[in-house]
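Letter by letter, the sequence shown follows residues 12 to 343 of the numbering used here. Heads up, the beta-carbon is just placed ideally off N, CA and C, and yes, glycines get one too. So the structure is just underneath, and the comments pick up after that.
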Amino acid sequence: MIKRVHKYAIVLLLLLVGSVAHALVVEDGDIRLTLHEDSARFTLEYRDGSGWAPFFFSDDPRTSSLDILEGNQVHRMGDSGTFSQSVEETGSGATYVFESPTLRIEQSFRFARGTTASVSNAVEMRVTVTNLGEAPQVSGVRLVYDTYLGEPSNFHFASSSGIQINRESLVDPGPVNRFVRSVARADSGNGFQVMISGEGVTTPEAVVLANWQRLAESSWEFQVNPTRNFNRLPYSINDSALLLTYPTVQLEQNQSATFVSYIGDLADSGYLIPAATPTAIAADSQIDRDDLVAELAAILSRIEELSSSATISAEDIDGLRERLAILREQLR
């Protein structure tokens with residue numbers, strides 16, 4: 012079949028190369044943390060027998076998010092043009108700093124380990140909100156995690172009480188429900204765990220398990236309907252997620268509030284902050300940009316050459332697709 016190469020392919024390629032954005036990658040023990048500067052999101056991975064595996068959906072880090080309430084306005088970090096952004100590596104992890112004329116948000120991570128683990132397998136996340144404005148302001152913190160480990164087996168979530176959760180639910184944090192976890196199987200040795208109660212943890216006002224799209228598009232408060240499953244027809248099927256909403260606070264000028272959470276691999280007794288600092292820190296993780304630019308230039312040149320022709324062959328199309336597939340794989 013004869014096809015014409017559309018010059019908008021050049022734009023797509025430029026967007027593709029734009030995805031080779033700076034990322035800060037820090038790892039320690041059996042945990043790897045990546046701060047994606049292009050989206051202002053983070054991903055967390057654990058070490059398994061074959062390498063690094065993600066705890067929550069990582070193909071598009073934007074599906075998990077940090078939301079900040081300012082009065083009646085909700086800011087999603089990375090999506091709000093109101094905030095500037097910076098990233099720092101620290102001796103024990105990494106930190107995002109977001110700042111607007113009226114708010115400063117510091118999202119900092121420190122490596123942690125389960126009480127029975129010998130190496131780091133989790134992170135402590137502290138979100139500190141500071142009111143930079145002149146007037147007192149009501150503020151709050153909300154976190155959405157796009158979990159996925161339990162979706163293939165339909166074992167979506169379990170609480171520390173051992174209850175399996177496969178429908179939209181509101182979990183009450185406390186001694187009975189100290190954490191929520193998402194695992195690939197009931198007997199899996201690894202899984203994504205979030206502490207919602209216990210020493211050093213800020214207890215959320217609401218812990219909601221629901222369809223990801225419903226949570227991502229919801230207003231600040233989410234009304235739970237236990238008759239619903241994790242589908243939202245027609246497109247969002249068997250797509251579960253976790254929402255943590257923390258109590259709102261009123262901040263005076265220059266006053267701060269900090270919300271603390273622990274997330275990581277399975278740890279029945281919770282987590283500790285280790286004394287050791289990370290043994291391996293890699294900043295600005297990416298492959299050789301010169302090689303990428305050279306390959307991109309060659310692909311663009313080929314597209315321009317084909318665009319000046321009335322027709323191209325199926326072999327030409329396949330060749331471009333193969334080169335693009337290789338380039339895309341290198342960008343992962």
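Do the CB positions of residue i and residue j come within less than 8 angstroms of each other?
i      : j      : result
Val205 : Leu254 : no
Asn345 : Asn236 : With the chain covering only 12 through 343, there is no way to say anything about residue 345.
Glu100 : Val37  : yes
Val138 : Leu77  : yes
Asn132 : Asp198 : no
To the nearest angstrom, report how far apart residue i and residue j are at their CA atoms.
i      : j      : result
Thr151 : Glu232 : Residue identity differs from the one stated: residue 151 is Gly in this sequence, not Thr. Taking the straight line from one Cα to the other gives about 11 angstroms.
His47  : His33  : 7 angstroms
Leu335 : Thr45  : 25 angstroms
Val149 : Leu307 : 48 angstroms
Gly200 : Glu81  : 40 angstroms
Tyr107 : Ser318 : 43 angstroms
Ser267 : His86  : 17 angstroms
Pro184 : Pro112 : 35 angstroms
Asp250 : Gln224 : 8 angstroms
Gly173 : Glu145 : 47 angstroms
Thr126 : Glu135 : 14 angstroms
Gln96  : Ser50  : 10 angstroms
Arg239 : Ile323 : 51 angstroms
Phe109 : Ser229 : 23 angstroms
Ser170 : Ala195 : 14 angstroms
Ala252 : Gln118 : 21 angstroms
Pro245 : Thr93  : 33 angstroms
Going by DSSP in three states, residue i sits in which element: helix, strand or coil?
i      : result
Gln175 : strand
Ile310 : helix
Glu277 : Looking at the sequence itself, residue 277 is Leu, so the reference to Glu does not match. Coil.
Ser119 : strand
Leu335 : helix
(request) Run through the segment 46–111 for me and flag every whole beta strand (DSSP E) of 3 or more residues, listed as ranges in chain order. (result) 52–59, 62–65, 76–81, 84–87, 95–101 and 104–110
(message) Three Cβ pairs or more, each shorter than 8 angstroms: is that satisfied between the segment 67–85 and the segment 148–165?
(response) yes
(message) Pairs of beta-carbons, one from the segment 273–284 and one from the segment 185–196, closer than 8 angstroms: are there three or more?
(response) yes
(request) Could you pull out every unbroken beta strand (DSSP E) segment of at least 3 residues lying fully inside the segment 210–274, listed in chain order? (result) 217–222, 251–256 and 260–262
(request) Can you check the segment 133–200 for any alpha helix (DSSP H) of at least 4 residues that lies completely inside it and give the ranges in chain order? (result) none
(request) Evaluate the contact criterion for the segment 117–134 versus the segment 171–188: three or more CB pairs, one atom per stretch, below 8 angstroms. (result) no
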